[in-house]
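This report refers to the structure that appears directly beneath it.
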Amino acid sequence: MGFSSALQGRAAHEALIVRQDAELRLMETMKRSIQLKAKCDREYAIGLAAVAQQGMKTDRADEMQGSLITKAWRSYMDELDHQAKQFKSNAELLEVVCEKLTHLSQDKRKARKAYQEEHAKIAARLNHLTDEVVRKKAEYQKHLEGYKALRTRFEEHYIKSGRGGRKLDDVRDKYQKACRKLHLTHNEYVLSITEAVEVEKDFRTVLLPGLLEHQQSVQESFILLWKNILQETSQHGDLTSDKFKEIQKRIDNVINSINPSEEYREFTEKHKTSPTTPLVFQFDDALIEDIPGKLQSNTLTVDNLTVDWLRTRLIDLEMSVKECQEKQLKMIEHANGGSPIANGSIARNGSTASNGIQSPKDSQNRQSKDLNALRCQEKQKQKLVDMIKCALNEIGCEELPSGCDDHLEQNFIENSFNNDQQNSATSTNSTGVSIINELRRRGGVLTLLRGRPFKRKSTPQPTTPTVNRMRTQRFNKLQPRSQSLGSLSMSLSTNRPLYEEEWFHGVLPREEVVRLLNNDGDFLVRETIRNEESQIVLSVCWNGHKHFIVQTTVDGHFRFEGPPFPSIQELIMHQYQSELPVTVKSGAILRRAICRERWELSNDDVVLLEKIGRGNFGDVYKAKLKSTKQDVAVKTCRMTLPDEQKRKFLQEGRILKQYDHPNIVKLIGICVQKQPIMIVMELVPGGSLLNYLRKNSNSLTTRQQMGMCRDAAAGMRYLESKNCIHRDLAARNCLVDFENSVKISDFGMSREEEEYIVSDGMKQIPVKWTAPEALNFGKYTSLCDVWSYGILMWEIFSKGDTPYSGMSNSRARERIDAGYRMPTPENTPPEMYRLMLKCWCAEAEARPHFDEIYNVVDALIIRLDNSH
Ligand code: ADP
């Protein structure tokens, strides 16, 4: 069905017009779109060219030579540039297409107009004829009516007038004219109808169908052109076109030419090097040059400071090793087609697992790489585990060595022992002669020293009889207090408590213990508290000092590395008699039991009676020695104090044990067999000098006061001669004996040095008694004690007043630095005040030494005595 037959109606004609208008609008829209597309393509071309240009800025360094990936990339970028150009040319072509569309639109517009005109033209003729027919018909009717009227008139006249008369002639004439007019009109009407019929028929059958047919063909030819335009439009945007395809193909080809195994061929050839030389990690021995002994090159230090850390580290490392092993196991399971969990975990760990390009070979490689990494990790951690284990095992049953030393204390103890040893060469006792003599003189303390020696069993021994005899002789020689061999077996069989054994030294601090063990084979047994647990330790001198913790078996026996024994005594005897090393590693053999020194009393030797004072570390008691019933003063150390404090507490005992002077309080012993540790001293019945002065202020005479000063000076002269700096000389730290005699006490802060520099801060310093150079620079000498002695004199003459009363410590310091000195107490002999002032000279060197002080005071007393 074509336009000609289907679209003849008026409505169809109008619709066709409307359709053409719509098509023209569509063309306009398309034109704008195609213009826009061209613009887009042009811009895209510019962008793409920039991309390609950016991509071309690759590293052209030598390292990338031969790289297929670089080559592919450069080609890719080239092609991208081609693409850009292609887009640009497409854009240009689109613009051409756009022009075509414009022309088409113009043509279409013209065609529409022509159609409309043609249609109007053929329709107008028909319309005109139609009008003519109507008009002619109207004329026909008008003439017909005129004819009829004139005919009627003629007939009337004719009848009226007969066949003549002028009137009748007129009427006849008019009638004939009207008749003629009617006949003419009739003919015209007939002709116009005939023409109209013909025209209408032509219009309908020839002209209109012809116009429409033509119109159809015109429109269809437009559509064809339009289609072509669209095809061109589409072609110019077709990314699958051959041009683009070629570009894409070239890109694909060059990318496909990337061969991972070839990629680095040129590079590796060019940069080929010999295998890397291993890095050397070496312990820098220079670090420990100044710390001989404790820290050793490449060796773990296991001591009381590090053991816990090492153990924790060991646990951590062992856990890491286990983790590594578990991970490896999972991996192996997975590799063997194991559980999906293992599978998943590996995939998660892998970096390429998620992008789906990982080949089975890659995955295998990665797994074996990961496995190797884990194996390495395990091996590394295991090495550390072994090292720590080995270090901890090395200690075995040895007690942990102490990580840090108090060198001052050690030096001090060393000196004291050296003295003791010198003395022992001429004495039957192994300890200081003078002190023992003194003890003998005082009658009793010696009896505390139970002379039970450490003896060898007479039962069969693993050693030969000759060796045994020799060892027994040597033992007896070294142990002058030994008894017969028989009593040893007795002593073991009687099952005497360990703490009663002479070679058991209780909780004697380790620092002291090592000073007692001087020759290879010297040994003793002691107790140590670690983590609130008591451990029995065998300390042996053997290439240094070794400390072995007695191990307890499940059935309550005791052992080292050898067989277990029901008692520690038997274990020690076994070690001694068998001459077997305590541990294979240490090789330590027991040769000579070192018995308690005379001042190592047993706690049970002392009966505490009443509290007489309160010291820094604990209460002070009046007590009685069980053996001699002698009254003594006992300073106790609170059990709860840390070990460090306990060591400090014993310091006083260590210092005092070597002094023997009537004006220095005497040490009787220390009780370290068990807690609480105690210092046993002679009881000085008058108690603290400060209290005594205050209590007896009314009755004190100048002579007595001067006597006190002389006693204190005598004691201090003695200390100065021993290079001992007291550092806390004050009335509160002096004791009053019978007949007002004064003894220097409280050696808790004392140091045995000519000069002592405080490095750990100036805590609890008795500021008002302390010399300026000690306060300001921490520098202590005996001349500082001289300053304190001046204050002590002032205390004595003021009968127990507080120095610089009403002044705070810092105020007093300020005033002293500014030159202020306390005024003389009432009734002080001027010479004594002069002496005080000399003691308070700002320049330490300008102060008198105790020797001089003693002489001055002594001379004054003699003068005073003589004057009475
Ligand atoms: P710490 O040195 O612990 O401070 P002190 O030596 O000051 O202890 O002693 C505290 C108190 O105990 C003294 O003030 C004194 O009263 C009394 N005291 C200490 N030692 C003796 C002793 N040997 N004889 C009598 N009383 C003493």
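For the sequence shown, the residue numbers in full-length UniProt numbering are 1 to 868.
Ideal Cβ placement from N, Cα and C applies to all residues, glycine included.
Which residue from the options puts its Cα closest to that of residue i?
i: A45; options: E79, K71 and H119; result: E79
i: E502; options: L516, V525 and E511; result: V525
i: H119; options: E213, H505, F154 and A771; result: E213
i: F283; options: P825, N298 and Q116; result: N298
i: A22; options: S105, Y780, E63 and R591; result: S105
i: P772; options: S567, A842, S274 and D362; result: A842
i: E263; options: H334, A91, L68 and K381; result: L68
i: A588; options: N543, I568, L517 and D555; result: N543
i: H545; options: V554, G521 and E527; result: G521
i: K629; options: E378, V606 and K270; result: V606
i: L266; options: V96, Q65 and L625; result: Reading off the sequence, residue 266 comes out as Glu, not Leu. Ranking V96, Q65 and L625 by Cα distance to E266 puts Q65 first.
i: residue 869; options: A713, R751 and F747; result: The question about residue 869 has no answer here: the residues shown for the chain are numbered 1 through 868.
i: residue 884; options: I395, V632, T781 and T273; result: Residue 884 is absent from the model: the chain starts at 1 and stops at 868.
i: C390; options: L314, N90 and H183; result: L314
i: R592; options: R109, L609 and M573; result: M573
i: Q764; options: E755, T233 and N616; result: N616
i: G562; options: I568, R166, Q577 and T583; result: T583
i: N304; options: Y147, D170, L211 and R510; result: R510
i: I255; options: T70, G715, A50 and R596; result: T70
i: R172; options: Q248, Y147, Y189 and F560; result: Y147
i: W599; options: K657, L650, A623 and Q551; result: K657
Could you check if residue i belongs to the surroundings of ligand 1, using beta carbon to heavy atom distance under 8 Å?
i: K646; result: no
i: V684; result: yes
i: N809; result: no
i: M678; result: no
i: D711; result: no
i: K635; result: yes
i: G613; result: yes
i: K622; result: yes
i: V742; result: no
i: G800; result: no
i: D660; result: no
i: F617; result: yes
i: N519; result: no
i: residue 901; result: Outside the displayed span of the chain (1 to 868) sits residue 901, for which this structure offers no information.
i: G778; result: no
i: I610; result: It is Glu, not Ile, that sits at residue 610 in the sequence shown. Incorrect: E610 has no Cβ contact closer than 8 Å to ligand 1.
i: E795; result: no
i: V537; result: no
i: V606; result: no
i: N733; result: yes
i: E652; result: yes
i: residue 872; result: Residue 872 falls outside the range modelled here, since the chain spans only 1 to 868, and no answer is possible.
i: N691; result: yes
i: G669; result: no
i: S688; result: yes
i: residue 875; result: Only positions 1 to 868 of the chain appear in the structure, and residue 875 is not among them; the question remains open.
Going by the C-beta, is residue i closer than 8 Å to any heavy atom of ligand 2?
i: L295; result: By its list of ligands, the structure shown excludes ligand 2, since it contains just ligand 1.
Give a yes or no on whether 9 Å exceeds the smallest Cβ distance from residue i to chain C.
i: K113; result: Among the chains of the structure shown, chain C does not appear; only one protein chain is present.
### Query
Are three or more beta carbon pairs between the stretch 70-90 and the stretch 45-55 nearer than 8 Å?
Yes, the stretch 70-90 touches the stretch 45-55.
### Query
Below 8 Å, can you find three or more Cβ-Cβ pairs linking the stretch 627-646 to the stretch 706-722?
Flag = no, the stretch 627-646 and the stretch 706-722 do not touch.
### Task
Decide yes or no for the touch test of the stretch 98-114 against the stretch 22-33: beta carbon pairs closer than 8 Å, at least 3 of them.
Contact between the stretch 98-114 and the stretch 22-33 is present, with at least three C-beta pairs closer than 8 Å.
### Ordered list of beta strand (DSSP E) runs contained in the stretch 564-629, each at least 3 residues
Secondary structure remark: continuous beta strand (DSSP E) runs of at least 3 residues inside the stretch 564-629, in chain order: 606-614 and 619-625.
### Task
Kindly confirm or deny that the stretch 685-699 and the stretch 732-749 touch, where touching means at least three C-beta pairs closer than 8 Å.
A contact between stretches requires three or more CB pairs, one per stretch, nearer than 8 Å, and the stretch 685-699 meets this requirement with the stretch 732-749.
### Task
Tell me, please, whether the stretch 728-735 touches the stretch 792-799 by the rule of three or more beta-carbon pairs shorter than 8 Å.
Contact between the stretch 728-735 and the stretch 792-799 is present, with at least three C-beta pairs closer than 8 Å.
### Every unbroken beta strand (DSSP E) inside the stretch 187-255 [3 residues or more]
Runs found: none.
#### Entry: Sufficient close CB pairs (3 or more, under 8 Å) joining the stretch 804-814 to the stretch 827-838
The stretch 804-814 makes no contact with the stretch 827-838: fewer than 3 CB pairs, one atom from each, lie closer than 8 Å.
### Query
Given 8 Å as the limit, is there contact between the stretch 105-115 and the stretch 236-246, that is, 3 or more CB pairs closer than that?
With the rule of 3 Cβ pairs closer than 8 Å, the stretch 105-115 does not count as touching the stretch 236-246.
### Message
Assess contact between the stretch 119-137 and the stretch 153-168, defined as three or more Cβ pairs (one per stretch) separated by less than 8 Å. Is contact present?
### Response
Counting Cβ pairs under 8 Å, fewer than three are found: no touch.
### Query
Would you call the stretch 842-854 and the stretch 708-727 in contact, with 3 or more CB pairs under 8 Å?
Yes: at least three Cβ pairs fall under 8 Å.
### Query
At which residue ranges does the stretch 710-794 contain complete beta strand (DSSP E) runs of 3 or more residues, listed in the order of the chain?
Fully enclosed beta strand (DSSP E) runs of 3 or longer: 734-736 and 742-744.
#### Entry: beta strand (DSSP E) runs wholly inside the stretch 26-90, at least 3 long, in chain order
Counting whole runs of 3 or more residues, the stretch 26-90 contains no beta strand (DSSP E) stretch at all.
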